[in-house]
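S.K.:
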Amino acid sequence: MRIPPTPKTVPRVLFDEAHNNFHTAGGRYKPFADLITSDGYQVTSNKEKFSAQVLKGSDILVISNALGAPQMAQPEAANPAFTDAECDAVRDWVKSGGALLLIADHAPMGAANQILGNRFGVNMSKMFTIDKENYEKESNNPGFIIYTRESGRLADHPITRGRNDSERVNKIIAFTGQSLKGPPGSFAFMKLADSAVDVLQGANTPNSAAGRAQGLLMNFGKGRVVVLGESCDALRATGWSEQDALWNESAGYRQSTVCPQPYALVVGAAEMRASDDQLRSG
13 MRIPPTPKTV
23 PRVLFDEAHN
33 NFHTAGGRYK
43 PFADLITSDG
53 YQVTSNKEKF
63 SAQVLKGSDI
73 LVISNALGAP
83 QMAQPEAANP
93 AFTDAECDAV
103 RDWVKSGGAL
113 LLIADHAPMG
123 AANQILGNRF
133 GVNMSKMFTI
143 DKENYEKESN
153 NPGFIIYTRE
163 SGRLADHPIT
173 RGRNDSERVN
183 KIIAFTGQSL
193 KGPPGSFAFM
203 KLADSAVDVL
213 QGANTPNSAA
223 GRAQGLLMNF
233 GKGRVVVLGE
243 SCDALRATGW
253 SEQDALWNES
263 AGYRQSTVCP
273 QPYALVVGAA
283 EMRASDDQLR
293 SG
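Pasting the structure below:
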């Protein structure tokens, strides 16, 4: 039985749709937008370039797979999706207390979003991440990387613990994506194994992804940032059925096991009310 959130105020979520986004509130991420709307969150689609005025009044900013061109197959899709002025506006908004969920998937998304990642000290591989030792064998796809508590690659942290044992996340299966490296002080909750590599069609040799991650979070000024290198994870929590959902202790979001909803713990982390010490240490 799910427990809906009881926020003291209505969180205002700004959902970016102004940068050739592959995922939008009215498109591939509509189930996610509908879900948080039904839980009392106020979702607004953004159709404008980011500025202090556009961001003013929002509590959470969701950016999923912004691109430099309308079609992913276009060579220009890897161009920066944002201007420098926009990136500065987002950085300053987060520093003042905003919560950012930035999702940048496999190529060409990494290259398109790196300009914004730079503002938070996040390096994106801009490639495809695979792990031939730690993937879902039934998929026959080494990009379906498995993260579990038992392996240590799914980190213990307030956002993966939930409010009680029923919300505890024990396993995540990624659906391809890229690798990330956060700045000092950031916390990786989806840690890649040393056997993971980044590959790109036409590249002669893969790059090691050891020490990198596909999910990380950090404090930034008065705000929070969560960065995902994968946009369509298949989440399986031990003991849950296909229709069960995960609720996060702070933001109150949930995630069903059906793609393409971004999973709850990630969005919740952006709004997480854990102490700074908890955020750093898990």
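Residue numbering for the sequence shown follows our numbering, starting at 13 and increasing by one per position. Don't be surprised by glycine CBs; every beta carbon is placed ideally from N, CA and C.
Kindly indicate which residue of D168, Q65, L26 has the alpha-carbon position closest to the one of S12.
M.R.: Outside the shown range of the chain (13 to 294) lies residue 12, about which nothing can therefore be said.
S.K.: Taking the continuous beta strand (DSSP E) assigned at D64, which residues delimit it?
M.R.: Here residue 64 is taken as the residue at index 52 of the sequence shown, counted from 1. Sequence inspection shows Ala at residue 64; the Asp mentioned does not correspond to that position. From DSSP, A64 is part of no beta strand (DSSP E) but of the alpha helix (DSSP H) over 64 to 67.
S.K.: Just how far apart, CA to CA, sit M84 and P23?
M.R.: Translated into the one-based positions of the sequence shown, residue 84 becomes position 72. Translated into the one-based positions of the sequence shown, residue 23 becomes position 11. Cα-Cα distance, rounded: 32 Å.
S.K.: Could you check what DSSP says for V22 in three-state terms: helix, strand or coil?
M.R.: Position 10 of the sequence shown, counted from the start, is the residue given in the question as residue 22. Reduced to three states, the DSSP call for V22 is coil.
S.K.: By how many angstroms is the C-alpha of G52 removed from the C-alpha of S108?
M.R.: Along the sequence shown, read from residue 1 onward, the residue named residue 108 stands at position 96. Along the sequence shown, read from residue 1 onward, the residue named residue 52 stands at position 40. Taking the straight line from one Cα to the other gives about 24 Å.
S.K.: Since I believe Q190 is in contact with A93 (beta carbons under 8 Å), could you give me their beta-carbon distance rounded to a whole number of angstroms?
M.R.: Here residue 93 refers to the residue found at position 81 of the sequence shown. Here residue 190 refers to the residue found at position 178 of the sequence shown. Going by Cβ atoms, the distance from A93 to Q190 rounds to 15 Å, so no, they are not a contact pair.
S.K.: What does the alpha-carbon distance come out to for the pair V66 and I75?
M.R.: Looking up residue 66 in the sequence shown gives position 54. Looking up residue 75 in the sequence shown gives position 63. Their Cα atoms are separated by approximately 14 Å.
S.K.: Relative to the C-alpha of K42, which candidate in A30, M136, V55 has its C-alpha closest?
M.R.: Position 30 of the sequence shown holds residue 42. Comparing Cα-Cα distances from K42 to each of A30, M136, V55, the minimum goes to V55.
S.K.: I need the boundaries of the beta strand (DSSP E) containing D46, first residue and last residue.
M.R.: For this step, residue 46 is matched to residue 34 along the sequence shown. Per DSSP, D46 belongs to no beta strand (DSSP E); it is in the alpha helix (DSSP H), 42 to 50.
S.K.: Beta-carbon separation of V209 and L112 under 7 Å?
M.R.: Reading the sequence shown from its first residue, position 197 is the one you call residue 209. Reading the sequence shown from its first residue, position 100 is the one you call residue 112. Contact flag unset, no.
S.K.: Between A186, K193, T160, which has its C-alpha nearest R180's C-alpha?
M.R.: Stepping through the sequence shown from its first residue, residue 180 is reached at position 168. For R180, the nearest C-alpha among the options comes from T160.
S.K.: Nearest-angstrom Cα distance between N33 and G129?
M.R.: Within the sequence shown, numbered from 1, the residue matching residue 33 stands at position 21. Within the sequence shown, numbered from 1, the residue matching residue 129 stands at position 117. The alpha-carbon atoms of N33 and G129 are separated by roughly 16 Å.
S.K.: In terms of residue numbering, what span does the beta strand (DSSP E) encompassing G227 cover?
M.R.: Position 215 of the sequence shown holds residue 227. Looking at the DSSP string, the run of the beta strand (DSSP E) that includes G227 is 225 to 232.
S.K.: Determine, using beta carbons only, whether E88 and F62 come nearer to each other than 7 Å.
M.R.: Reading the sequence shown from its first residue, position 76 is the one you call residue 88. Reading the sequence shown from its first residue, position 50 is the one you call residue 62. Taking 7 Å as the Cβ cut-off, E88 and F62 do not qualify as a contacting pair.
S.K.: Around the C-beta of T21, are 16 or more other C-beta atoms found within 10 angstroms, so that it is buried, or is it exposed?
M.R.: Walking along the sequence shown from the start, residue 21 turns up at place 9. When all chains shown are included, T21 counts as exposed.
S.K.: Enumerate, from N- to C-terminal direction, the unbroken alpha helix (DSSP H) stretches of 4 or more residues contained entirely within the segment 76 to 162.
M.R.: If we require 4 residues or more, the alpha helix (DSSP H) runs fully inside the segment 76 to 162 come out as 96 to 107, 121 to 129.
S.K.: Report the option in A167, D206, F132 whose CA atom is closest to the CA atom of A200.
M.R.: Mapped onto the sequence shown, residue 200 falls at position 188. Measuring from the Cα of A200, the nearest candidate turns out to be A167.
S.K.: What residue does the alpha helix (DSSP H) around A172 start on, and which one ends it?
M.R.: Translated into positions along the sequence shown, residue 172 becomes position 160. At residue 172 the sequence reads Thr, which differs from the Ala that was named. Residues 170 to 173.
S.K.: Can you name, in chain order, every residue of its own chain whose Cβ lies under 6 Å from the Cβ of H31, other than the five neighbours on each side?
M.R.: On the sequence shown, position 19 is the one that residue 31 refers to. Answer for H31: A78, A93, listed in chain order.
S.K.: Could you give the DSSP three-state label for R266: helix, strand or coil?
M.R.: On the sequence shown, position 254 is the one that residue 266 refers to. Residue confidence is low: R266 scores 34 on pLDDT, short of 50, so the model does not pin down where it sits. Its coordinate-derived value is still stated next. Of the three classes helix, strand and coil, the one that applies to R266 here is coil, per DSSP.
S.K.: From this set, G194, A64, T95, which residue's C-alpha is nearest A221's C-alpha?
M.R.: As a position in the sequence shown, residue 221 is number 209, starting the count at 1. Nearest C-alpha to A221: G194.
S.K.: Bridge partners of S220, per DSSP?
M.R.: The count along the sequence shown starts at 1 and reaches residue 220 at position 208. V209.
S.K.: Looking only at DSSP bridge pairs, what is V55 linked to?
M.R.: Numbered from its first residue, the sequence shown carries residue 55 at position 43. Looking at the DSSP assignment, V55 forms a beta bridge with V25.
S.K.: Looking only at its chain, what residues have a beta carbon closer than 6 Å to the beta carbon of R131, apart from the 5 residues adjacent to it on each side?
M.R.: Here residue 131 is taken as the residue at index 119 of the sequence shown, counted from 1. Closer than 6 Å at Cβ, skipping near neighbours: C99, R103.
S.K.: Whole angstroms is fine: what's the gap from S50's alpha carbon to N153's?
M.R.: Residue 50 sits at position 38 when you count from the first residue of the sequence shown. Residue 153 sits at position 141 when you count from the first residue of the sequence shown. The alpha-carbon atoms of S50 and N153 are separated by roughly 35 Å.
S.K.: For the beta strand (DSSP E) that contains G235, what are its first and last residues?
M.R.: To locate residue 235, count along the sequence shown from 1; it is residue 223. 235 to 240 is the span of the beta strand (DSSP E), which, as asked, contains G235.
S.K.: Whole angstroms are fine: how far does the CA of T95 sit from the CA of S178?
M.R.: The count along the sequence shown starts at 1 and reaches residue 178 at position 166. The count along the sequence shown starts at 1 and reaches residue 95 at position 83. Cα to Cα, the separation comes out at about 43 Å.
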